[in-house]
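Asks: Under UniProt numbering, the first residue of the sequence shown is numbered 1, with each subsequent residue one higher. Sharing a structure below in structure tokens format, with a few things to ask.
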Amino acid sequence: MSKSKKPRKRYETDSESDSVDSAEEARKRDIKERDEFAERLKKRDEAKTRNIVQASDRRAYEEAAKRLKLENAEREKIIPKLRVESRRKYLEKRKEDKVAELEADIIDDEYLFEEEVLTQREKKEREHKKELLKLAQEHEKARELERVQRYHMPRDLGKSSVSDYIEVDELEKVPQSEQKKWEKDQMASAVFKFGSKDASKGDEYELVLEDQIDFIQALQMPGSRDKIKKEPELTEQEKKKLTIEETKISLPIFPFKEDLIQAVQEHQVLIIEGETGSGKTTQIPQYLHEAGFTNDNKKIGCTQPRRVAAMSVAARVAQEMGVKLGNEVGYAIRFEDCTSERTIIKYMTDGTLHREFLSEPDLQSYSVMIIDEAHERTLHTDILFGLVKDIARFRPDLKLLISSATLDAQKFSEFFDDAPIFRIPGRRFPVDIYYTKAPEADYVDACVISILQIHVTQPLGDILVFLTGQEEIETCQELLQDRLRRLGSKVKELIVLPVYANLPSDMQAKIFDPTPPGARKVVLATNIAETSLTIDNIIYVIDPGFAKQNYFNSRTGMESLMVVPISKASANQRAGRAGRVAAGKCFRLYTAWSYKHELEDNTVPEIQRINLGNAVLMLKALGINDLVHFDFLDPPPHETLVLALEQLYALGALNHHGELTKMGRRMAEFPVDPMMAKTLLASEKYKCSEEVVTITAMLSVNSAIFYRPKDKIIHADTARKNFNHVAGDHLSLLNVYNQWRDTDFSTQWCYENFIQYRSMKRARDVREQLVGLMQRVEIEMVSNISETVDIRKAITAGYFYHIARFSKGGNYKTVKHNQTVTIHPNSSLFDELPRWILYHQLVFTTKEFMRQVIEIESKWLLEVAPHYYKPKELEDSTNKKMPKTIGRATKTD
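Here it is in structure tokens:
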């Protein structure tokens, strides 16, 4: 039914009326174009579905063959250097062995012939040996001193000498990243093992006992198996003989297999509560497949909050089912899809499932959807709860399983209309909880002391330490290495293993290796080890009581990664890691009073503390317009929701009615931040899509592109400066990628320029995905490398929120909120101080730093965002008062 035209108001002129009418016509035209665009996408998806597997497999094979050829060629170039390096290491090891052999020979000689009268010749030989040993020891001491005190005079990094600084990764024979350098040098973690297996001589552990921490045992977490007779410990040989089937049978979930299948058949929605390590993630999809839930070409889906978990779990299930990963069992994560038309069990991140809703709103291809690790309450997971709850109401054939690690099962049950809870008892033993007598001022140092205290006073069993991130883990590792070196052979062997998100997967896998007999393993982990990872043989847990969390300030628009106290629920989850294989102990580096009075009961869900722009755009794209009444498990703060809507309106994703525009529908196709999506679409107008896609891909891995080996900092900084662009960091990243592409994606080039090869490969993969998405939203890929002004205008079109200008006080202030900010020291514009700048990210550490900065002109803001900025706001009042030595006028290329 058409609406009647509104009567004109008395004071409304003809021109105003025409303006309103034309605006309404433009809105209707845009919505029509949006719907037509969505229909074209749908038809293209249907057309592609039939051939996608064969085409993608062939393309993937060709790409893999090409990359393999390139990497083999690079390895051939490095082989001569590998040989030299191998020979050097062999001689170094041989020297150590010979010195030890000489020392033992002298000791034996003196002991055996203590009471014998030696000939002159024998005396001379003994003295010669002693002199030789003394010289060798003095030489080693001098080398140690030199390592600490010497100054490396920088040499000219010309073409001839740059190869002198190449280091080789022995495993992959490719250039080392900063992380790989750390893997080699700090392998206190995985290769270098401290202490001695004998540990029989020397004084008792003086250095450890000097500063030990006093703990008080406050309580014991009861275990479900504390009264059960302990099962005999299997030897390593016996463990290896266990088949995959026997391992599956040994999992706590196995006795409940039939009951679980029956419960799923009887109830549409089921809450599954089970300990981490009970087998629910890997076994439930297999049980349901065996029960016939994948008949009629239906799939079983399982979401994970972390991409690492989705990939590793899919690989494990494929192995258990005896199929190739990507066929019957596959995974899909951001920028990577390892599935085919034969896939019947699909693991994915919760963000990936969001995107599937766009092409398949009713999830018709799934018979079962499992939302795993629901207790983690990520933003995407919380939104999924509302979406799948709605779908379950009109799709009675869809089975919905919410899997949680015992924390919020009752709350989930109430949200899903009092759905039944299926409980799986864990293999859990009692855990003794210890608290400190007084608060610890430096919890990282306290962790080191506690590790050593456990190592020398407690029975064998591995240790799990929870820290907040990579920096803390590396610091803890260095402190531990220093202490263990001083203790020498006084302590038994201690193997230190790190685990965090940026660590390569082969290094992460080392935490699962069995501990050698007579040794102890200590795992330094982030909160990923709370629930997502299950590490065997952990008996002791050290919990400092902190974690890193993202917080969004809706007033300033700043998102910060902050170290905050954990919740009681997280503390109990951490303690539970100690009671999986035997009775364990948890040492909390805070007082019992702090636990009781200072820790919150539960962690604040992400949806209540981070920017909601991406989530709101996705919901709008799914046709959910009434966000205020959307069925959230915990509703987000009103002001954060309003800010997200305002931002999307400013970006052109929503119209003045709050409806999704054609621009917004196209933006929703990109798995990136809305501002980045707008930048990609703006590149169409400025004819620079090739360059903007490259910059976007590089920004996705930005923090891991350059590395600075500690002994080559000057050379690394010089190499980095060679890529700097006068206009700013985004264009510097473009320089890096283009030069790498011009070398045919050379590994050696990365190595010579102190660039991480793994990160560049990731950027190339992301770029390929983005190019496909650009074509999907009907944008032609064109290049405009010579006009950097157009590239910067396209970036400004998306990031006009992130603008700062140099003030007369000598610092930068954001235009809208007048907040004082600082250019990050790593930026190419750190010493330049241009008048107007755009930043990619604002990060709070010691102060508010702007990361990835480019120079812009204020008039561009009126061109790309006239609705957001007024000319008066952009008047440059500092021209007359700013000293000539600071700040400079903007120059266009």
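We put the beta carbon where it would ideally sit given N, CA and C, even for glycine.
Go ahead and label ALA621 buried or exposed: buried means 16 or more other beta carbons lie within 10 angstroms of its beta carbon, across all protein chains shown.
Replies: With 16 or more other Cβ atoms within 10 Å, it is buried.
Asks: Am I right that PHE466 and ASN527 are in contact with their C-beta atoms under 8 Å? What's the rounded C-beta distance?
Replies: With a Cβ gap of about 6 Å, PHE466 and ASN527 count as contacting.
Asks: Report the three-state DSSP secondary structure of TYR90 (helix, strand or coil).
Replies: Note: TYR90 maps to helix in three-state DSSP.
Asks: Looking at C-beta atoms only, is the number of pairs between the segment 437-450 and the segment 600-617 that lie closer than 8 Å three or more?
Replies: Output reads no: the segment 600-617 does not touch the segment 437-450.
Asks: Out of GLU752, ASP673 and GLY274, point me to the one whose CA is closest to VAL616's CA.
Replies: The shortest Cα separation from VAL616 among GLU752, ASP673 and GLY274 belongs to ASP673.
Asks: From VAL99 to VAL522, what does the alpha carbon distance come to, in whole angstroms?
Replies: Near 31 Å, if we compare the C-alpha coordinates of VAL522 and VAL99.
Asks: Determine whether the beta carbon atoms of VAL443 and ILE216 lie at a separation below 8 Å.
Replies: It should be pointed out that residue 443 corresponds to Tyr in this sequence rather than to Val. The answer is no: Cβ separation not under 8 Å.
Asks: Would you call the CB atoms of ASN722 and ASP30 closer than 8 Å?
Replies: Going by C-beta atoms, ASN722 is not nearer than 8 Å to ASP30.
Asks: Going by alpha carbons, who is nearest to PHE806 out of GLY386, LEU829, HIS715 and VAL693?
Replies: It is LEU829.
Asks: As a quick exercise: from ALA309, PHE37, GLN268 and LEU384, pick the residue whose alpha carbon is nearest that of ILE624.
Replies: For ILE624, the nearest C-alpha among the options comes from LEU384.
Asks: Is the separation between the beta-carbon of ALA592 and that of ILE538 shorter than 8 Å?
Replies: Not a contact, by the Cβ cut-off of 8 Å.
Asks: Confirm, please, whether the CB-CB distance from ARG342 to ASN327 is below 8 Å.
Replies: Yes, they are a contact pair.
Asks: Alpha carbon to alpha carbon, how far is ALA763 from MET698?
Replies: If you take the alpha carbons of ALA763 and MET698, they lie about 5 Å apart.
Asks: What does the alpha-carbon distance come out to for the pair VAL317 and LEU288?
Replies: Going from the Cα of VAL317 to the Cα of LEU288 covers about 13 Å.
Asks: Please return the same chain residues whose Cβ sits closer than 6 Å to the Cβ of GLU873, not counting the five positions on each side in sequence.
Replies: Contacts found: none.
Asks: If you draw a straight line from the alpha carbon of LEU118 to that of GLU101, how long is it in whole angstroms?
Replies: Looking at the two C-alpha atoms, the distance is approximately 22 Å.
Asks: Run the CB neighbour count on VAL191, radius 10 Å, all protein chains shown included, and call it buried at 16 or more, exposed below.
Replies: The predicted position of VAL191 is uncertain, since its pLDDT is 37 and thus under 50; no value can be drawn from it.
Asks: Among residues of its own chain, excluding the 5 on either side of LYS130, which ones have a beta-carbon nearer than 8 Å to its beta-carbon?
Replies: Excluding positions up to five away in sequence, the list reads ILE106.
Asks: Enumerate, from N- to C-terminal direction, the unbroken alpha helix (DSSP H) stretches of 4 or more residues contained entirely within the segment 326-401.
Replies: You should have 350-359 and 379-394.
Asks: Flag this pair as yes or no: are the beta carbons of HIS867 and ALA650 separated by less than 8 Å?
Replies: It is a contact, given that the beta carbons lie within the stated cut-off.
Asks: At the level of alpha carbons, what is the spacing between ASP432 and ARG580?
Replies: Each residue's Cα considered, the two are about 13 Å apart.
Asks: Can you pull the DSSP bridge partners for MET850?
Replies: Note: MET850 sits in a beta bridge opposite ILE823 and LEU842.
Asks: Here's a check: name, in chain order, each residue in its chain whose Cβ is nearer than 6 Å to the Cβ of ASN784, leaving out the five neighbours to either side.
Replies: For ASN784, where only same-chain residues beyond five positions count, the Cβ hits under 6 Å are LYS687, CYS688 and ASP790.
Asks: Of all the options GLN852, CYS302, MET321 and ILE473, which has the alpha carbon lying nearest to the alpha carbon of LEU353?
Replies: For LEU353, the nearest C-alpha among the options comes from CYS302.
Asks: Would you kindly check if the distance between the Cβ of ALA727 and the Cβ of PHE800 is under 8 Å?
Replies: No, they are not a contact pair.
Asks: Could you check whether PHE415 and VAL368 sit closer than 8 Å to each other, using their CB atoms as the reference points?
Replies: No, these two residues do not count as a Cβ contact at 8 Å.
Asks: Hey, could you find the ends of the beta strand (DSSP E) ILE495 is sitting in?
Replies: Per DSSP, ILE495 belongs to the beta strand (DSSP E) from 494-499.
Asks: Please confirm whether LEU633 and LEU627 have their CB atoms less than 8 Å apart.
Replies: No.
Asks: When DSSP labels each residue in this structure, what does MET562 get in the three-state scheme?
Replies: Three-state DSSP puts MET562 in a strand.
Asks: Since LYS678 sits in a beta bridge, which residues does DSSP pair it with?
Replies: For LYS678, which the question treats as bridged, DSSP gives no partner whatsoever.
Asks: Of the choices ASP397, THR457, PHE429 and GLU127, whose alpha-carbon is the least far from that of GLN212?
Replies: Comparing Cα-Cα distances from GLN212 to each of ASP397, THR457, PHE429 and GLU127, the minimum goes to THR457.
Asks: What does the Cβ neighbour count give for GLN756, buried or exposed, with the cut at 16 atoms within 10 Å?
Replies: The residue in question, GLN756, is buried, as its Cβ has 16 or more Cβ neighbours within 10 Å.
Asks: Taking 8 Å as the threshold (C-beta atoms), are LEU861 and ILE803 in contact?
Replies: For ILE803 and LEU861, yes; Cβs fall inside 8 Å.
Asks: Within this structure, are the beta carbons of ALA571 and ARG555 separated by less than 8 Å?
Replies: Result no, Cβ atoms of ALA571 and ARG555 do not sit closer than 8 Å.
Asks: Once DSSP output is grouped into helix, strand and coil, what is the label at GLY301?
Replies: Strand at GLY301.
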